[in-house]
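These notes are about the structure you will find just below.
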Amino acid sequence: MKNIIPTCISVLFAIFVGCPSEERSEYMDGGTDNHNGEENDEILDENRSQHRFVSAGSIMSCMLDTDGIVSCWGNNDFGSGKPSTPVSGRFRVIKSSWYQTCGIMEDNSVSCWGSNQDGITLFKKYRSISNSDCGILEDGTLDCGDSQDKSGKYVKISKDGSGICAIKENGSLECWGSDFALVDIPDGEFIDVDVGSNFACAISEANKLSCFGNELYDEVSGVPEGDFTQVEANFLHACAVRVDGNIACWGDNEVGQSEDMEGNFLQVSAGYEHNCAVKENGEVICWGDNRYGKASPPQSEWQKIAVDSIFVCGIKNTGEISCVSGRFEGTRYELEGTYESLSLHGGNLCTVDESSNFTCRNVATHEALFDAQTGVDKGCAMPGYGCALKDDGTIDCFGGEPSGGLADLEGRSDLIDIGCDEYRVCGLTAVGDVICVGRFLEDFRTSNIEGGQKLVMKDGTYCVLNNENQPTCRGGMRRTLGVPEGEYTLHHVAGGRWCGLQGTTMRCQFGYNQEQQSVLSDVIHFDFSKQTICAVRLDGRLSCWGYIARGVTEADFE
């Protein structure tokens, strides 16, 4: 499955100066392998994924995001844990073992970090690896030291201690080494295998799970029933992903490493006494032993962000707000407290705190534009003032009001959302009517959008998200702005450009057709103006591109 990333996000805005990622896709070591010999050339494509990938070791865990960037957490005694440890560059797959992680890079060469162990020849090209001293070369042959006498071609390899298991192109399973000398290896065709400490587990082509070898804590006899897509074994326990997305674990459970997990999971990795798994939405969770912080994946510092032509402001996970500017060097603004939402326009920041208090401030001068107002659900910033949707369904503006007044909105108590841009204020009614006041209203007719629930607007365009999370957008010249089909949990619009969030993938649309689109992965929140885009990434980064981003870096927000 391919994940297409735009060669440069500047396609979205012509003046953008950065390229967050190039077009790429990667394959992951794990899950279903294509073992049809006639389709051997397609094995790499079959293993490719658009999702994040995790690998748990003994004292650390590592994660590969959809841009091919690796980050690690946990103990760094052997150089194996800290995010700065992996070499720079993009990876296709990673595999953590006891104190070391190795990865196959884009050119199929291998790079390892952590404890210095002899093993894989870094100058060779690989398509799959198990740890530092066992892998499958590009031509499908094995490169496992003393296993060089093994003939044939393989698609999956796993090694732990003195036990090795591999799946051949025809799906048959081979295991060797002292761990499996007296063990009956199951017959049939298999799609996945992983070796633990003195035992191994495999998934058949019919998605049935079996384990074999020696056991101390029911690693072999305690295998759960059902259908599975991926399995991982480690020291004295194992975990597998069911076809319904839930995770089953069994074996030693001294520190909770064999607890089952419910949810829509795509992949699991079993470490020494902990596990990490990737959900369908890209979220990474870990459980079990958390010594060294190995079961604590990095989390984003940011909840929400807002962007205008001058500033970037964000709500932190603590609820506090921080603002910086790329136009006025050194300008910084901090707001203590706990905030629920924010809106930014022309250097004015409007906020709603946890007690539903609404106010607007000039970010540069820190001056409040009016006294705090109570009972507000959502607010939006205007030039020099702010407008609010109150909890009684009415709209009020404070510190000023749009040219022409609020006549068409006054007296209404059926409004469920509010939007503002430079010249207009719009309210969304419970039946999907968009009612606007202010200047230049010829492009902002009252329009019924069935099931409308969320309204966003900026720079002469507004969009409504309906109950099926599908957007309808209208803007200049009374034309309907085309957007990609699908369901979206978040969307924004600016200057005839629209972007929406599907899971953790941000899809953008330009103009009044669907011919120009771009995609950005690993996003949990974003906002943009005509000239700048900022996105909160899954790995905790805050990435900005465009005009004001030239002075805004992640260090500004530390």
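The numbers in the numbering used here rise by one with no breaks, and the one at position 57 of the sequence shown is 625.
Note that beta-carbon positions come from the ideal geometry of N, C-alpha and C, so glycine has one too.
#1: By Cβ distance below 6 Å, which residues in the same chain neighbour TYR785 in space, the five residues on each side in sequence not counted?
#2: Apart from the five residues just before and just after GLY995, which ones in its own chain have a Cβ nearer than 6 Å to its Cβ?
#3: Looking at PHE1008 and TYR991, is the spacing between their C-beta atoms short of 7 Å?
#4: Give the DSSP bridge partners of GLU800, in chain order.
#5: Please report the Cβ distance between GLY764 and ASP728, rounded to the nearest whole angstrom; I am assuming they are in contact, meaning their Cβ atoms lie under 8 Å.
#6: Would you mind reading off the limits of the beta strand (DSSP E) that contains ALA816?
#7: Ignore the nearest five residues each way along the sequence and tell me which others in ASN814's own chain have a CB closer than 8 Å to its CB.
#8: At a cut of 8 Å, does the segment 870-880 reach the segment 834-853 through at least three beta carbon pairs?
#9: Per DSSP, what are the beta-bridge partners of CYS928 in this structure?
#10: Under three-state DSSP, which class holds GLY671?
#11: In whole angstroms, give me the CA-to-CA distance for SER665 and CYS640.
#12: Just the C-alpha distance for PHE1094 and CYS891, rounded to the nearest angstrom, thanks.
#13: For LYS724 and CYS702, I'd like the C-alpha separation in whole angstroms.
#14: Which same chain residues end up closer than 8 Å to LYS884 when comparing Cβ atoms and leaving out the 5 residues on each side of it in sequence?
#15: Would you tell me roughly how many angstroms separate the C-alpha atoms of PHE621 and SER971, rounded to the nearest one?
#16: Nearest-angstrom Cα distance between VAL638 and ASN925?
#17: Less than 7 Å between the C-beta atoms of ALA1062 and CYS844, yes or no?
#18: When the Cα atoms are used, what is the spatial distance from LEU1110 to THR1072?
#19: Look at ASN916 and ALA949 and say whether their C-beta atoms are less than 7 Å apart.
#20: Name the residue from ALA975, VAL809 and GLY943 whose alpha carbon lies nearest to the alpha carbon of ALA838.
#21: Distance check for ALA801 and ALA768, CA to CA, integer angstroms please.
#22: Compute the Euclidean distance between the alpha carbons of CYS682 and VAL836, then round it to the nearest angstrom.
#23: Excluding sequence positions up to five away, which residues of its chain have a Cβ less than 7 Å from the Cβ of GLY1108?
#24: Who does GLU902 pair with in a DSSP beta bridge?
#25: Compute the distance between the beta-carbons of GLU757 and GLU773, then report whether it is under 7 Å.
#26: Taking a contact to mean a Cβ-Cβ separation below 7 Å, would you say ILE627 touches ASN643 in this structure?
#27: Excluding sequence positions up to five away, which residues of its chain have a Cβ less than 6 Å from the Cβ of GLY720?
#28: If we count the other Cβ atoms within 10 Å of its Cβ and call it buried at 16 or more, is VAL811 buried or exposed?
#29: In the DSSP assignment, what are the bridge partners of GLN1038?
#30: Could you name the residues of the same chain whose beta carbon sits closer than 6 Å to that of ARG695, not counting the 5 residues immediately before and after it, in chain order?
#31: List the whole-angstrom C-beta distance separating TYR907 from VAL920, where the pair is believed to meet the contact cut-off of C-beta under 8 Å.
#32: Can you grab the Cα-Cα spacing for the pair PHE879 / GLY973, in whole Å?
#33: Check the C-beta distance from SER730 over to SER746 and give it rounded, since I have them as a contact under 8 Å.
#34: Is LEU777 near VAL788, with beta carbons less than 7 Å apart?
#35: Which stretch, first to last residue, makes up the beta strand (DSSP E) that contains GLU908?
Reading off the structure:
#1: LEU804, GLY819 and ASP820
#2: ILE963, LEU977, LEU983, ILE986 and ILE1003
#3: Yes, the pair counts as a contact, with Cβ atoms nearer than the cut-off.
#4: CYS807
#5: So it is a contact: roughly 6 Å between Cβ atoms.
#6: For ALA816, the enclosing beta strand (DSSP E) stretches over residues 815-819.
#7: ASP828, MET829, GLU830, GLY831 and PHE833
#8: no
#9: CYS918
#10: Three-state DSSP puts GLY671 in a strand.
#11: 13 Å
#12: Each residue's CA atom was taken as its position, placing PHE1094 and CYS891 some 15 Å apart.
#13: 11 Å
#14: GLU869, TRP870, GLN871 and SER890
#15: Distance between the alpha carbons of PHE621 and SER971: 52 Å.
#16: Using only the alpha carbons, I get a separation of about 41 Å.
#17: no
#18: 14 Å
#19: yes
#20: Closest option to ALA838, Cα to Cα, is VAL809.
#21: Looking at the two C-alpha atoms, the distance is approximately 7 Å.
#22: Sequence inspection shows Gly at residue 682; the Cys mentioned does not correspond to that position. Distance between the alpha carbons of GLY682 and VAL836 is about 22 Å.
#23: PRO866, GLN867, SER868 and GLU869
#24: Partner(s): SER890.
#25: Going by C-beta atoms, GLU757 is nearer than 7 Å to GLU773.
#26: yes
#27: LYS736
#28: exposed
#29: The partner list for GLN1038 (beta bridge, DSSP) is empty, contrary to what the question assumes.
#30: Closer than 6 Å at Cβ, skipping near neighbours: ILE704 and GLU706.
#31: That pair is a contact at about 7 Å.
#32: 28 Å
#33: 5 Å
#34: No.
#35: Note, GLU908: beta strand (DSSP E), 907-913.
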